[in-house]
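Working notes, structure below.
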Amino acid sequence: MSQTVSMEKIVSFCKRRGFVYQSSEIYGGIRSSYDYGPLGVEMKRNIKDEWWRGVVHMRDDVVGVDAAIIMHPRVWEASGHVGTFNDMLVESRTSGRRYRADHLIEAATGLDAEGMSAEEMTKLIQNDDRIKDPMDGGRNFSEVRPFNLMFETYTGPVKSPENIAYLRPETAQGIFVNFKNVVQTSRVKVPFGIAQIGKSFRNEITPGNFIFRTREFEQMEMEFFVEPGTDEAWHEYWIGERMRWYTELGLDPANLRLYEHPKEKLSHYSKRTVDVEYNFPFAGWSELEGIANRTDYDLKQHAAFSGENLSYFDQATGESYIPYVVEPAGGVDRMALAFLVDAYTEEEVRGEQRTVLKLHPRIAPVKAAVFPLSKKEPVSTIARELYDDLKGDYRIFYDDSGSIGRRYRRQDEAGTPFCVTVDFDTMEDRQVTVRDRDSMEQERIPIEAVRERLANLITA
Ligand code: GAP
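One gets the working numbering by counting positions in the sequence shown from 1 and adding 446 to each.
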């Protein structure tokens, strides 16, 4: 991993290799919206598949749902998002720009402004000469006011207040409102979890750092329902599990750490929150995932607002209770950025300069490339047959253009762990050359052994 990789380098690399593009680029782009290209979409799918495999399929105590993005507006009143899902906004009258007040204060003074009231922030911003508009150095600021981050829309043709709906700002609530459905229809017993992957939307005042903070992003969240009193132990358990997931998928442990939220800064629903942070070279330690003890807050709120009984009846003890909830909540896009940055390497090996993405094979967008040394028969037919044999199971790339060296370099940049070359000897000895992306070592193995070798590499 290259500690020195800059944001500009990653952004241009992502565009050049088809990982991530600016959204609507032919129209000049739209700020903070990005599209995943052919390699990016494969990588993103792999991250989601790995999460689902680890958090749902490999366990027998977690099931999944896929809830609607547009939910009943009362959901967001019950969850507290209508009232409290705000950032503090301040406008500079000199440049007309709007800023997150806490960011402005922290950048200029080093003071920790999170948790300050709007009035406190206004006083500070208007009186502290160190705080200037980063655009033009101006010192004429509006009052600080709360700004709700939810995107509002209307359902149906009439744009009236009773038709207001919201794009969900988190996937979690789609899980809580289905708690009763899942308990009644899927034979789960506490402790158990419900997982969901999907898009969420927040009208961030200051999105930025490429795909790190955007207004539309994808979350992977799991609500794990437990008996009150066992919540703290389960919280510890999930913190460990989630850290293990990242390191098993190859993120450098030196770039990962846990961050304990101070008590006074916890979200309105949380008893304790611990973040998994990644040390981005351009942004420092930043949150990849939050693991919160949400207590019984959400289920209680939904019970009160909907009038439904959302308690759980424990058949073993004959008691009913509202479960506590431990929630690992991660962002797919942030993880994609962390995996990219962690894997991006510029190195000189045996006198050769190369850029290589040292992604874990499970995360790598393309698992193997098949190269015929020549476009001539029978080399190309044998290579095609091998490609056809492998392609149903994984994303495989077939490339018969350019020198072998160039083809290797292209795959190194794409993070492809395994390149298989069919040459003129293959028709005689039924052997192919397999090249390892990281060591660049080559070995000849029987063509029949390629499939198993690849499977072993990917499941390792
Ligand atoms: N249900 C709890 C929840 O949503 P969060 O910490 O606000 O908690 C969870 O969000 C994760 O979602 C974050 O750790 C981050 O990875 C991702 N996320 C949140 N806001 C984001 C944004 N504007 N852009 C990209 N990812 C975001």
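Cβ atoms here follow ideal geometry from the backbone N, Cα and C, with glycine treated the same way.
Computed from a predicted structure; not experimentally measured.
Per DSSP, reduced to three states, the secondary structure at Asn725 is strand.
DSSP, read as helix, strand or coil, puts Arg853 in helix. DSSP, reduced to helix, strand and coil, places Phe622 within a helical segment of the structure shown. Relative to the ligand GAP, the nearest heavy atom lies less than 6 Å away from the CB of Asp779.
In the displayed model, Pro818 falls within a strand according to three-state DSSP. Per DSSP, Pro484 is one residue of the alpha helix (DSSP H) stretching across Pro484 to Trp498. By DSSP's assignment, Pro592 forms a beta bridge with Met534. When the beta-carbon positions are compared, Val795 and Ile640 stay at least 7 Å from each other.
Residue pairing from DSSP places Asn739 in a beta bridge opposite Arg718 and Val772. For Gln761, the distance from the CB to the nearest heavy atom of the ligand GAP is not below 6 Å. The ligand GAP approaches Phe663 closely enough that one of its heavy atoms is under 6 Å from the residue's Cβ. The DSSP assignment places 610 to 612 and 638 to 647 as complete runs of the beta strand (DSSP E) inside the stretch 601 to 650, in order along the chain (cut-off: 3 residues). In the DSSP annotation of this structure, the continuous segment of the beta strand (DSSP E) that includes Phe759 starts and ends at Tyr758 to Asp760. Around the C-beta of Ile551, 16 or more other C-beta atoms lie within 10 Å, and the residue is accordingly described as buried.
Given a length threshold of 3 residues, each whole run of the beta strand (DSSP E) inside the stretch 824 to 853 is given here in chain order: 842 to 844. If you check the CB distance, Tyr770 and Asp742 come in under 7 Å. Fewer than three Cβ pairs drawn from the stretch 469 to 483 and the stretch 807 to 816 lie within less than 8 Å of each other, which leaves the two stretches out of contact. With fewer than 16 other beta carbons inside 10 angstroms of its own, Pro603 counts as exposed. For Leu704, the three-state secondary structure derived from DSSP is strand. When beta bridges are read from the DSSP output, Trp731 appears opposite Asn725.
Non-local beta-carbon contacts of Trp522 in its own chain, meaning distances under 6 Å to residues more than five positions away in sequence, involve Val528 and Tyr612 in chain order. For Tyr473, there is no enclosing beta strand (DSSP E), since its DSSP letter is neither H nor E.
A distance of 7 Å or more separates the beta carbons of Tyr854 and Ile842. For Lys821, the closest alpha carbon among the candidates Val802, Ser849 and Asp779 is that of Ser849. If you look at Ser458, you'll find it in the alpha helix (DSSP H) that goes Met453 to Arg462. Across the structure, Glu792 and Tyr482 are spaced so that their CA atoms are roughly 23 Å apart.
In the DSSP assignment, Pro519 falls within the unbroken alpha helix (DSSP H) covering Pro519 to Ala524. Only residues of its own chain outside the window of five on either side were considered, and among them Pro807, Pro863 and Phe864 have a CB closer than 7 Å to the CB of Leu903, listed in chain order. Three or more beta-carbon pairs separated by less than 8 Å link the stretch 590 to 605 to the stretch 535 to 544, which places the two stretches in contact. A distance criterion of 6 Å places the beta-carbon of Glu735 in contact range of the ligand GAP, judged by its closest non-hydrogen atom. Glu669 has its Cβ no nearer than 6 Å to any heavy atom of the ligand GAP. For the stretch 537 to 590, the continuous alpha helix (DSSP H) assignments of 4+ residues that do not extend past its boundaries occur at 547 to 555 and 564 to 573, in sequence order. Between Asp721 and Glu710 a beta carbon distance of about 16 Å is seen, past the 8 Å cut, so the two are scored as non-contacting. Burial is judged here by how many other beta carbons sit within 10 angstroms of a residue's own beta carbon; Ile516 has fewer than 16 and is exposed.
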